[in-house]
Amino acid sequence: MEGVVQCSANYTPLSPISFLERAAIVYGDKVSMVYGTEKTSWKETHERCIKLASSLVQYFGISRGDTVAAIAPNVPALYELHFGVPMAGAVLSALNTKLDASMLALLLEQLEAKIIFIYYEFVEVVFKAVDILSGREGKPPVQVLVLIEESDQITAPSILTKETPAGCSLVYYNALLARGRADFEIVPPKNECDPISVNYTSGSTGIPKGAIYSHRAAYLNSLAAVFRSDMRQMPVFLWTVDMFRCNGWCFTWAMAALGGTNIFLRTELSSKSIFDAINIHRVTHLCGAPTLLNIIADAPATDHQRPLPSRVNITVAGALPPPQILMKVTELGFNISHGYGMTEALGPAAILGPWESRLQNSSKFIMDEQTERIKGREGLHNLIMDGVDVKDPKTMKSIPCDGKTIGEVMLKGNALMLGYIKNPKVAQEAFRGGWYHSGDLAIRHPDGFVQIKDRAKDIIISSGGEAISTLEVEAVLLSHPKVLNAAVVGRACDGHPLGDQAPYAFVKLKKECDVCTAEEIIKFCGDRLPKYMAPQGVVFGDLPVNSTGKIQKFVLREKVNIAAGLALQKGLQ
Numbered sequence: 001m002e003g004v005v006q007c008s009a010n011y012t013p014l015s016p017i018s019f020l021e022r023a024a025i026v027y028g029d030k031v032s033m034v035y036g037t038e039k040t041s042w043k044e045t046h047e048r049c050i051k052l053a054s055s056l057v058q059y060f061g062i063s064r065g066d067t068v069a070a071i072a073p074n075v076p077a078l079y080e081l082h083f084g085v086p087m088a089g090a091v092l093s094a095l096n097t098k099l100d101a102s103m104l105a106l107l108l109e110q111l112e113a114k115i116i117f118i119y120y121e122f123v124e125v126v127f128k129a130v131d132i133l134s135g136r137e138g139k140p141p142v143q144v145l146v147l148i149e150e151s152d153q154i155t156a157p158s159i160l161t162k163e164t165p166a167g168c169s170l171v172y173y174n175a176l177l178a179r180g181r182a183d184f185e186i187v188p189p190k191n192e193c194d195p196i197s198v199n200y201t202s203g204s205t206g207i208p209k210g211a212i213y214s215h216r217a218a219y220l221n222s223l224a225a226v227f228r229s230d231m232r233q234m235p236v237f238l239w240t241v242d243m244f245r246c247n248g249w250c251f252t253w254a255m256a257a258l259g260g261t262n263i264f265l266r267t268e269l270s271s272k273s274i275f276d277a278i279n280i281h282r283v284t285h286l287c288g289a290p291t292l293l294n295i296i297a298d299a300p301a302t303d304h305q306r307p308l309p310s311r312v313n314i315t316v317a318g319a320l321p322p323p324q325i326l327m328k329v330t331e332l333g334f335n336i337s338h339g340y341g342m343t344e345a346l347g348p349a350a351i352l353g354p355w356e357s358r359l360q361n362s363s364k365f366i367m368d369e370q371t372e373r374i375k376g377r378e379g380l381h382n383l384i385m386d387g388v389d390v391k392d393p394k395t396m397k398s399i400p401c402d403g404k405t406i407g408e409v410m411l412k413g414n415a416l417m418l419g420y421i422k423n424p425k426v427a428q429e430a431f432r433g434g435w436y437h438s439g440d441l442a443i444r445h446p447d448g449f450v451q452i453k454d455r456a457k458d459i460i461i462s463s464g465g466e467a468i469s470t471l472e473v474e475a476v477l478l479s480h481p482k483v484l485n486a487a488v489v490g491r492a493c494d495g496h497p498l499g500d501q502a503p504y505a506f507v508k509l510k511k512e513c514d515v516c517t518a519e520e521i522i523k524f525c526g527d528r529l530p531k532y533m534a535p536q537g538v539v540f541g542d543l544p545v546n547s548t549g550k551i552q553k554f555v556l557r558e559k560v561n562i563a564a565g566l567a568l569q570k571g572l573q
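Heads up: the sequence shown begins at 1 in full-length UniProt numbering, then just goes up one per residue.
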């Protein structure tokens, strides 16, 4: 249109680092972080992040597009890295603290990280990873290791248990910040689609994939996090979700947007630490895996006071625990929201909050069986997602909203990754047809809500042609009072690897429950599920997990089908 003038006055690239710059002005003296007895204001946080960016650029030569890795729990330093690294024009990759040295070396090699920030507890595994990386031909070792120490560790060198890897220099975090300049001019993105971070998937079926996030997606999803969590100005957020998971579902940046207070635990995550934080700091929000609900529900009466100072919003993403757990947590004073998402979508892409449950039920915060059934669904897409749809992957047409037809969950919108680092072919396959293919199978109800049935690779087709959701069977297993964890896989009927399948359960019992039979488990499931969905066999013991803690179903699947093949061979002899 004639008269349109697009220039730097009316267009600047979207980036969440702008939230911190604003917070320093609007909420300057308000508390930004609480860590034990330490408190920091937004003005101080802003200055520390600028000094961090200054040191990265001026002393270590970090330039636009370089990658900076970090392996640390939820501590203030990791929060500061979420702003300081992109302020230097670099890309942050916060890595899973459960990774072993070999996997860590593999990811560091892929990232080509020049600098690693290490919390002191993970020095040994990181040093091993760097040694592995240094021994590979043509692969230059990491140049700088920055040790994140606690403020009460006065003699920092004493916390080191091993010598620094050859070719690396060691710097201490607080000393690094002390050398930085507060008047440093930050390096903003040239384009809002420039990378801001790399977050790795769990790698449940193989090597984790590094999802590349843009400044634009991080900015928009941070605002979406505010809306989907029903946040107001200056919320108090308890860090119970790991920051290495989708940059803490983008709450790292969202809290700066609202001038909120970040509460970091200095003790192990437990019901006592959660309730203490809520009562002392008046926590308004927290989020994480569904196990968080179990921790709260199982809290002894001595760990919490009733009522809470006010109702607390809690968002979980993943398979929900049994109804009785949801009811108990709601009665204790929590408003439960259920999210559906993935690393590639920067966290929850769809959300079902307490308000949707009330719309379906009544005007009160209640939890009954009807509400629980609604909460078992994945909700509707958030404001910055153009759509969360269930489609036939062959025709790319939406399935009918009949609550029966199964299709694949697909996403489209501004809160999706740019792609996978050094893996463009896999990214192109994931984005085929103009939608992101999640690999999750689901149905859509007449009210529009999506309900996940299973992963495409995990669905079981019975001898009668019925589709068995392993997630539904696992949910029943986990409701058994003696079961701690469970996984269900398909075993080929008649021992034929291409034949129909029957569900088999792998069960880990609670420590206090040492007596339980397969017959008891099978009957328990048979009383609650259609006959064809009940497990045909049960194996007790530990479940194989990868370095990120995800159950490796492919290992279990291989185990039961090898056993089935051997049984068939024995029968033919």
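Each residue gets a CB set at the ideal place from its N, CA and C atoms; glycine is no exception. On a predicted model such as this, the values are computed, not experimentally measured, just so you know.
8 angstroms Cβ cutoff met for W435 and L411: W435 places its beta carbon less than 8 angstroms from that of L411.
Around the Cβ of L498, are there at least 16 other Cβ atoms within 10 angstroms (buried) or fewer (exposed)? Model confidence at L498 stands at a pLDDT of 42, short of 50, so the residue's coordinates are unreliable and nothing is read from them.
Measuring straight from C-alpha to C-alpha, what distance separates H338 and R136? Rounded to the nearest angstrom, the gap between the Cα atoms of H338 and R136 is 44 angstroms.
Secondary structure of R216, DSSP reduced to three states: In the structure shown, R216 sits in a helix (DSSP, three-state: H, G or I).
Please name the residue in I421, R432, K272 whose C-alpha comes closest to that of T395. Ranking I421, R432, K272 by Cα distance to T395 puts R432 first.
Three-state secondary structure (DSSP) of D276: Helix, per DSSP.
Restricting to Cα atoms, I'd like to know which of S310, A345, V144, A225 is closest to H437. Of the candidates S310, A345, V144, A225, A345 places its Cα closest to the Cα of H437.
Do the stretch 233-240 and the stretch 255-264 meet, that is, are 3 or more Cβ pairs less than 8 angstroms apart? The answer is yes - the stretch 255-264 touches the stretch 233-240, with three or more Cβ pairs under 8 angstroms.
Does chain B have any CB closer than 8 angstroms to the CB of S271? Checking the listed chains, one finds no chain B in this structure; it contains a single protein chain.
From V75 to T164, what distance separates their C-alpha atoms? Roughly 23 angstroms between the two C-alpha positions.
Is it the case that the Cβ atoms of G36 and R64 are separated by a distance below 8 angstroms? At least 8 angstroms separates the beta-carbon of G36 from that of R64.
Neighbourhood of H445 by C-beta, 6 angstroms cutoff - its chain only, sequence neighbours within 5 removed: Answer for H445: G403, listed in chain order.
Is G413 near the ligand NAD, with its Cβ less than 7 angstroms from a heavy atom? Although the ligand NAD was asked about, the structure shown includes no ligands whatsoever.
Here's the rule: buried if 16 or more other CB atoms are within 10 angstroms of the residue's CB, otherwise exposed. What is S357? Caution is warranted here: a pLDDT of 48 is assigned to S357, below 50, making its placement in the model unreliable, and no coordinate value can be reported.
Do V91 and I118 have their C-beta atoms closer together than 8 angstroms? No. Outside cutoff.
Per-residue DSSP class, three states only, for Q6: Three-state DSSP puts Q6 in coil, outside helix and strand.
For the alpha helix (DSSP H) containing R48, list its first residue and its last residue. 42-58 is the span of the alpha helix (DSSP H), which, as asked, contains R48.
Under the DSSP definition of a beta bridge, which residues are partnered with I468? The secondary-structure analysis by DSSP pairs I468 across a beta bridge with I460.
For K98, the first and last residue of its enclosing beta strand (DSSP E): Where K98 is concerned, there is no enclosing beta strand (DSSP E), given that its DSSP letter is neither H nor E.
Would you list the residues sitting across from Q501 in a DSSP beta bridge? Looking at the DSSP assignment, Q501 forms a beta bridge with A492.
Quick check on A23: does DSSP put it in helix, strand or coil? Collapsing the DSSP output to three states places A23 in a helix.
Return the chain-ordered list of same chain residues with a C-beta closer than 7 angstroms to the C-beta of T201, the five sequence neighbours on each side being excluded. Only P208, K209, A211, T343 meet the Cβ criterion.
Using DSSP with H/G/I as helix, E/B as strand and the rest coil, what is G434? When secondary structure is reduced to three states using DSSP, G434 falls in the helix class.
Span of the beta strand (DSSP E) around M87: No beta strand (DSSP E) contains M87, which is instead part of the alpha helix (DSSP H) from 76-87.
From I289 to V316, what distance separates their C-alpha atoms? Going by the sequence as given, residue 289 is Ala instead of Ile. Roughly 5 angstroms between the two C-alpha positions.
Could you say which of A72, E21, P86, L111 lies nearest to I421 if we only look at CA atoms? It is L111.
Under 8 angstroms between C-beta atoms of K114 and D66: In contact: K114 and D66 (Cβ atoms closer than 8 angstroms).
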